[in-house]
Amino acid sequence: MSIWDYANPKRFMTTSGLLLPWVSGLAAALVLGGLAWGFFFTGDDYKQGSTVKIIYLHVPAAMLGIGAWFMMLAGSLIWLIRRHHVSALAARAAAPVGMTFTLIGLVTGAIWGQPMWGTWWAWDPRLTAFLILFLFYLGYQALWAAIEDPDTAADLTSVLCIVGSVFAFLSRYAVLFWNQGLHQGASLSVAGGSEVSGVYAWPLVTCITGFFLLFVALVFLRTRMHIRLRRVRALMARERLA
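For what it's worth, the UniProt record's numbering labels the leading residue of the sequence shown as 1, then goes sequentially.
Now the structure itself:
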C-alpha cells in the first residue's frame, strides 16, 4: 500500500477514525501528566524562580506553532503537485490549531519575558518573525473564507503558505543569523545539546510529545469535518441540478 492511498477521502476517514481515540487518549494522558510533573514535582530555578515553569507551555506551543506551518506547507505542496484534496483540507484544518499554538507561544513568551528581560515585548528578530507568522495564519484563514471555489482557495492559500514559510523558518533559526537578539537558542535540539537543565528536560519532553499528539488529534478531527462538509456541499449541488 502506498502512502498516497491515504489521500483517498474514504480511506482517510476510515484510518483516522480508528486512530483518533488512541491518539486523543494518549495526548490527554501525556499533556496532563507532563504539566503535573513539571508544575508540581520540579523545583524552582535558582535564577528564574517559579517563572521557569512556564517553559512547559511556551516551548511546546512555540514548536507546534512553527511545526504546524511546515505541515501546512507539505500539504500545500502535495496539493499543488498532485491535486489531492485531502492534503489541501488537512492544511486548512491545521491552520486554526497552529494559530492557537502560536498565540499561546506569544502570550506565554511575554509573561516569561517580562521578569527576565524587564519588558513584555522586544523587537527581537525571532519574536518579530513569530509575530509575523501569526499574522500569516490570520491571512491564510481569511483567504480560505473569502474565496467560494474550494480549488481556487486551495491554490491561493498554498501560494500564501509557501511565502509564509520564510517567517516560519526565521522563527526557528533567526538566532543563528542575528546574534544581537534577546531570545535564546533552541531549548532542545535533535543535533545534540540543550538549554534546559536535566530536571526540567524530561517533563518538557513529555509535554512536547503530548501537545504534538493533541495537534495530530485536532487536525484529524478538523480534516474529517472538512471532508464531511465537502460531501454535503456536493450533495446539495446535485440536488439543485436535479
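By construction, the Cβ of each residue, glycine as well, lies at the ideal position given by its N, Cα and C atoms.
Best match in the options for proximity to residue i [C-alpha to C-alpha]
i, options, result
"W140", "K10, C161 and R126", "Reading the sequence as shown, one finds Tyr at residue 140 and not Trp. Nearest of K10, C161 and R126 to Y140, Cα basis: C161."
"E148", "F220, A74, G109 and R230", "R230"
"A29", "V166, R222 and P203", "P203"
"F215", "P9, I78, V23 and A7", "V23"
"R82", "G164, F211 and D151", "D151"
"G49", "G65, P115, R233 and T128", "P115"
"G33", "T223, L213 and C207", "C207"
"F40", "V199, H85 and V86", "V199"
"L103", "G113, A62 and W123", "A62"
"A142", "R92, I111, I78 and S76", "R92"
"A94", "S76, H84 and I111", "S76"
"L131", "A110, A145, W117 and A146", "A110"
"Y173", "P125, D44, W120 and H84", "P125"
Pairwise C-alpha distance: residue j and residue i
i, j, result
"I227", "L89", "7 Å"
"T14", "A237", "25 Å"
"L35", "A201", "12 Å"
"V107", "L127", "11 Å"
"F12", "G210", "23 Å"
"P9", "S165", "27 Å"
"L73", "L218", "18 Å"
"S171", "A153", "26 Å"
"E239", "V232", "11 Å"
"G192", "A234", "Caution applies to G192, whose pLDDT of 47 falls short of 50 and renders its modelled position unreliable; the model cannot decide the point."
"T223", "K47", "44 Å"
"G25", "G67", "22 Å"
"F169", "V86", "25 Å"
"V59", "G105", "7 Å"
"V156", "L138", "Rather than Val, the amino acid found at residue 156 in this sequence is Leu. Approximately 14 Å, taken between the alpha carbons."
"S158", "L80", "7 Å"
"L57", "W112", "11 Å"
"T42", "V31", "16 Å"
Cβ separation of residue i and residue j, assumed to be a contact under 8 Å, to the nearest whole Å
i, j, result
"L133", "W69", "6 Å"
"L213", "A27", "4 Å"
"F167", "A122", "So it is not a contact: roughly 17 Å between Cβ atoms."
"F220", "L18", "Not a contact, Cβ separation roughly 10 Å."
Any C-beta of chain D under 7 Å from that of residue i
i, result
"D149", "Note that chain D does not occur in the displayed structure, where there is just one protein chain."
ask   = Is the segment 51–58 touching the segment 82–100, taking contact as three or more C-beta pairs under 8 Å?
value = no
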